[in-house]
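*Asks:* Handing you a structure now.
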Amino acid sequence: MAQESERSQNVQEEGNGKKPPLFSPERPSYKWWVTLALLMGIFAQGLNFGTINVALPSMMTSLRADLETIQWIVTAFMITRTVVMPAVGWVAAVAGPRTFYLAGLLIFIIGSLLCGLSWSLHSLVLFRVIQALGAGPLFPLSMAMLYEVFPANQRGFAMGIFMAGISIAPAVGPSIGGYLIEYLDWRMIFYLNLPMGIIALAAVALVLPKTKRPQYVSLDKIGLLTMVACLVPLLLALIQGRHEGWDSGYIQTLFAIAAVSGIAFVVTELRLKEPLVDLTLFKNVPFSAASGIFLIGTMGEFASSFLIALFLQRVLVLTPFHAGQMLLPGALTWGFSNLISGRLADKVNNRVLVGIALLLIAVSFYRFSNIDMWSTTTYILSLFVVQSFARGMLQSPLINFLMAALPREKVMMGSGLRGLMNGLGSTFGISMAAVFVEKQQTVHALAFSEEQSLYPVGMSEAVAAARESLHAAGEWDLLPTKAMVAVRRVMLDEAAVLAYRDCYLLIALSSLFSLALTVFLRLPRHRR
């Protein structure tokens, strides 16, 4: 219908001898201009996300902060960005998608400027919150607007191009950030957002059409308060649990507040006619299945990235820079596979694509569960590239399922909830991986200790071998003690490797569970 209408309008205008303006929705090229304009804004946000971790050491020195407090620069941004996601649908309904996107991008630009001008750690954290308030809605808004502007038979390709464009910023961000920090100052990573953000702001204002003022929708104040009171303590507990201790009173109090507020939020939203977040969308089985796959997949993705970074630096003893370089091919592969899956999503059964991608992800995680201290970087890189390719193949068809499951007026709300799944999944994934690895490492270390007491001859031989190595290296002082320490260090490293393997096996099993959810995915017979 969209294509027929588009062709008839073009034929009529050609007959009149008039051509529509360059950025008119009546032009066939309009959808590509929209894609380019939206990508500019997302690129600025993604580049900042990719550079911030590289800048943390310099920020610690400049702001006189320790490692624990400097993490608030990242934590505050992540929490704020996740909290605003569920409200995207309501705000877009009140203000309109174009106005909402422009406002979000402008807030992000102002926040970036303030971050560069910050004079203390507290001011920087505050300005990062402002930055996140603007950045949070950009991605779900972009997805929903692209879904609207493209005809049904091109939506997969559109999502593929968009996701591929997104992959560029995190891939080049660490290199650009490292250069700016080394030769200029860490504040430049925030100032870098200004020219790109302003260009994106002008492009979006020029390309996106003005819409009629939407009808007023009353603000669900109780829903807003209970949502914030649930998500903020929950995310704080997940992020800080490792450092504070999961059984500490502080963390347990946060979980209790989140639980009570979450129950109040659900009860409130289900009773209102105009809720802040339409939770009845989850009664839609295909939408819930796609959301579940997104949540589990994001948890596995971030848990895997967390584990592989630890393995490369702690076990293979790579520097942070070289570890980052190892992950670069995976990011580029992810972008490339998005292009392929986007094209295929418009031509091939989407459930087949999702199933193949999830199966590849599960196999790659299973292969990761067999790595050890003698695994080569080439082997690990090949596994990471295969996993990245599979994750890229998953995106476009799964987004198709999620969006197509909803009526047109609920697409924006659904896109915001998908962003919430991404935010919760990333935080859950890292936290759960850290807890599981620490627990399993202790279990394996205790098992090794029991084996030493049962088989003291093997331990004696290992210590003797370590003593010979130290003796040959000229390490004469405290030789027996150093030999024992060296052997125990090897044992702890081996326990850590076994813990990583256990965690990867658990992630592989979760991917297989996601595969089972594909039976509930379906596209309507006639796509909108």
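With our numbering, the residue at position 164 of the sequence shown is 579, and numbering never jumps.
Cβ coordinates follow ideal geometry from the N, Cα and C atoms, glycine included.
Please state if the CB of Phe-709 and the CB of Met-603 are separated by a distance shorter than 9 Å.
*Replies:* Taking the sequence shown and counting its residues from 1, the one referred to as residue 603 is at position 188. Taking the sequence shown and counting its residues from 1, the one referred to as residue 709 is at position 294. Taking 9 Å as the Cβ cut-off, Met-603 and Phe-709 do not qualify as a contacting pair.
*Asks:* Going along the chain, which residues of its own chain have a beta-carbon closer than 8 Å to the beta-carbon of Val-681, five neighbours each way excluded?
*Replies:* Translated into the one-based positions of the sequence shown, residue 681 becomes position 266. Excluding its 5 nearest sequence neighbours in each direction, Val-681 has C-beta neighbours in its own chain below 8 Å: Leu-694, listed in chain order.
*Asks:* To the nearest angstrom, how far is the alpha carbon of Gln-810 from that of His-859?
*Replies:* The sequence position of residue 810 within the sequence shown is 395, counting from 1. The sequence position of residue 859 within the sequence shown is 444, counting from 1. Cα to Cα, Gln-810 sits roughly 37 Å from His-859.
*Asks:* Can you tell me whether DSSP reads Ala-480 as helix, strand or coil?
*Replies:* By 1-based counting over the sequence shown, the position of residue 480 is 65. Ala-480: coil per DSSP, three-state reduction.
*Asks:* Quick one: complete alpha helix (DSSP H) runs, 4+ long, within the region 809-873?
*Replies:* The qualifying runs are 826-869.
*Asks:* Note down the Cα distance separating Met-500 from Ala-862, rounded to an integer number of angstroms.
*Replies:* The sequence position of residue 500 within the sequence shown is 85, counting from 1. The sequence position of residue 862 within the sequence shown is 447, counting from 1. Those two C-alpha atoms are separated by around 45 Å.
*Asks:* Using the Cα positions of Leu-623 and Gly-461, report the straight-line distance between them to the nearest angstrom.
*Replies:* The residue labelled residue 623 in the question sits at position 208 within the sequence shown. The residue labelled residue 461 in the question sits at position 46 within the sequence shown. Cα-Cα distance, rounded: 21 Å.
*Asks:* Excluding sequence positions up to five away, which residues of its chain have a Cβ less than 8 Å from the Cβ of Phe-928?
*Replies:* For the purposes of this step, residue 928 is taken as residue 513 along the sequence shown, with counting starting at 1. Only Ile-711 meet the Cβ criterion.
*Asks:* In this structure, how does DSSP classify Gly-715 when only helix, strand and coil are distinguished?
*Replies:* By 1-based counting over the sequence shown, the position of residue 715 is 300. Looking at Gly-715 - three-state DSSP - the assignment turns out to be helix.
*Asks:* Looking only at its chain, what residues have a beta carbon closer than 8 Å to the beta carbon of Ile-596, apart from the 5 residues adjacent to it on each side?
*Replies:* Counting from one through the sequence shown, the residue named residue 596 turns up at place 181. So the qualifying residues of the chain are Val-469, Ala-470, Ser-473, Met-603, Ile-604.
*Asks:* Select from Leu-553, Ile-522, Arg-479 the residue whose C-alpha is nearest the C-alpha of Arg-833.
*Replies:* Position 418 of the sequence shown holds residue 833. When each option's Cα is compared against that of Arg-833, the closest is Leu-553.
*Asks:* Assuming contact is defined by CB atoms lying nearer than 9 Å, are Gly-757 and Phe-799 in contact in what I supplied?
*Replies:* By 1-based counting over the sequence shown, the position of residue 757 is 342. By 1-based counting over the sequence shown, the position of residue 799 is 384. In this structure, Phe-799 does not lie closer than 9 Å to Gly-757 by Cβ.
*Asks:* Leaving aside the five residues before and after Phe-565 along the sequence, list all residues of the same chain whose C-beta is less than 6 Å from its C-beta, in chain order.
*Replies:* Walking along the sequence shown from the start, residue 565 turns up at place 150. These residues qualify, in order along the chain: Lys-446, Ala-573.
*Asks:* Relative to the C-alpha of Ala-704, which residue among Leu-639, Lys-762, Thr-668, Asn-815 is closest?
*Replies:* Mapped onto the sequence shown, residue 704 falls at position 289. Ranked by Cα distance from Ala-704, the first of Leu-639, Lys-762, Thr-668, Asn-815 is Asn-815.
*Asks:* Lys-825: buried (16+ other C-beta within 10 angstroms of its C-beta) or exposed?
*Replies:* In the sequence shown, the residue the question calls residue 825 occupies position 410. Its Cβ being crowded by 16 or more others within 10 Å, Lys-825 is buried.
*Asks:* Rounded to the nearest angstrom, what separates Tyr-781 and Ala-772 at their Cα positions?
*Replies:* Here residue 781 corresponds to residue number 366 of the sequence shown, with the count starting at 1. Here residue 772 corresponds to residue number 357 of the sequence shown, with the count starting at 1. Approximately 14 Å between the Cα atoms of the pair.
*Asks:* Can you look up Trp-601 in the DSSP assignment and give me helix, strand or coil?
*Replies:* Indexing the sequence shown from 1 puts residue 601 at position 186. Looking at Trp-601 - three-state DSSP - the assignment turns out to be coil, as it is neither helix nor strand.
*Asks:* Which residue spans inside the region 719-784 form an unbroken alpha helix (DSSP H) run of at least 4?
*Replies:* The region 719-784 contains, as complete alpha helix (DSSP H) runs of 4+ residues, the segments 735-760, 765-783 (chain order).
*Asks:* With a CB to CB cut of under 6 Å and the five nearest residues on each side skipped, what residues in its chain are close to Val-449?
*Replies:* Taking the sequence shown and counting its residues from 1, the one referred to as residue 449 is at position 34. Contacts found: Val-564, Val-622.
*Asks:* Do you know how far the Cα of Leu-696 is from the Cα of Ile-457?
*Replies:* If you number the sequence shown from 1, residue 457 lands on position 42. If you number the sequence shown from 1, residue 696 lands on position 281. Between Ile-457 and Leu-696, the C-alpha separation is close to 27 Å.
*Asks:* What distance in whole Å lies between the Cβ atoms of Ser-582 and Asn-753, which are believed to be in contact at a cut-off of 8 Å?
*Replies:* Position 338 of the sequence shown, counted from the first residue, corresponds to residue 753. Position 167 of the sequence shown, counted from the first residue, corresponds to residue 582. The Cβ separation is near 7 Å, so the contact holds.
*Asks:* When you compare each of Phe-721, Asn-568, Phe-523 to Asn-764 by their alpha carbons, which one comes out closest?
*Replies:* Residue mapping note: residue 764 aligns to position 349 of the sequence shown, counting from 1. Comparing Cα positions, the closest option is Asn-568.
*Asks:* Residues in the same chain with beta-carbon distance under 7 Å from Leu-548, minus the five sequence neighbours each way, listed in chain order, please.
*Replies:* Taking the first residue of the sequence shown as 1, we reach residue 548 at position 133. Around Leu-548, the same chain offers Thr-495, Val-499, Ile-522 as residues with beta carbons nearer than 7 Å, after the five sequence neighbours per side are excluded.
*Asks:* Please work out which residues of its chain come closer than 7 Å, Cβ to Cβ, to Gln-856, disregarding the five sequence neighbours upstream and downstream, and give them in chain order.
*Replies:* Reading the sequence shown from its first residue, position 441 is the one you call residue 856. Hits under 7 Å: Ala-910, Ala-911, Ala-914.
*Asks:* By how many angstroms is the C-alpha of Gly-593 removed from the C-alpha of Ala-881?
*Replies:* Position 466 of the sequence shown, counting from 1, holds the residue named residue 881. Position 178 of the sequence shown, counting from 1, holds the residue named residue 593. Only weak support is given to the placement of Ala-881: the predicted model assigns it a pLDDT of 47, under 50, and the value that follows is read from those uncertain coordinates. Approximately 40 Å between the Cα atoms of the pair.
*Asks:* Need the endpoints of the alpha helix (DSSP H) that Gly-526 sits in, please.
*Replies:* Position 111 of the sequence shown holds residue 526. Gly-526 -> alpha helix (DSSP H) spans 512-532.
*Asks:* For Ala-459, count neighbouring Cβ atoms within 10 angstroms of its own Cβ and tell me buried if that reaches 16, exposed if not.
*Replies:* Taking the sequence shown and counting its residues from 1, the one referred to as residue 459 is at position 44. That one is buried.
*Asks:* To the nearest angstrom, how far is the alpha carbon of Leu-556 from that of Pro-512?
*Replies:* Start at 1 with the first residue of the sequence shown, and residue 556 comes out as number 141. Start at 1 with the first residue of the sequence shown, and residue 512 comes out as number 97. If I take the Cα positions, the gap works out to 7 Å.
*Asks:* Quick one: which unbroken alpha helix (DSSP H) runs of 4-plus residues sit fully inside the region 534-603? Chain order, please.
*Replies:* Secondary structure in the region 534-603: the alpha helix (DSSP H) runs of 4 residues or longer, each lying completely within the stretch, are 536-550, 553-564, 570-598 in chain order.
*Asks:* To the nearest angstrom, how far is the alpha carbon of Asp-662 from that of Gly-656?
*Replies:* Taking the sequence shown and counting its residues from 1, one reaches residue 662 at position 247. Taking the sequence shown and counting its residues from 1, one reaches residue 656 at position 241. Using only the alpha carbons, I get a separation of about 8 Å.
*Asks:* Nearest by alpha-carbon distance to Gly-770: which of Ser-590, Ser-926, Asp-761, Pro-585 is it?
*Replies:* In the sequence shown, the residue the question calls residue 770 occupies position 355. Nearest option by C-alpha distance: Ser-926.
*Asks:* Which of the three DSSP states, helix, strand or coil, is assigned to Asn-699?
*Replies:* As a working mapping, residue 699 is identified with position 284 in the sequence shown. Reduced to three states, the DSSP call for Asn-699 is coil.
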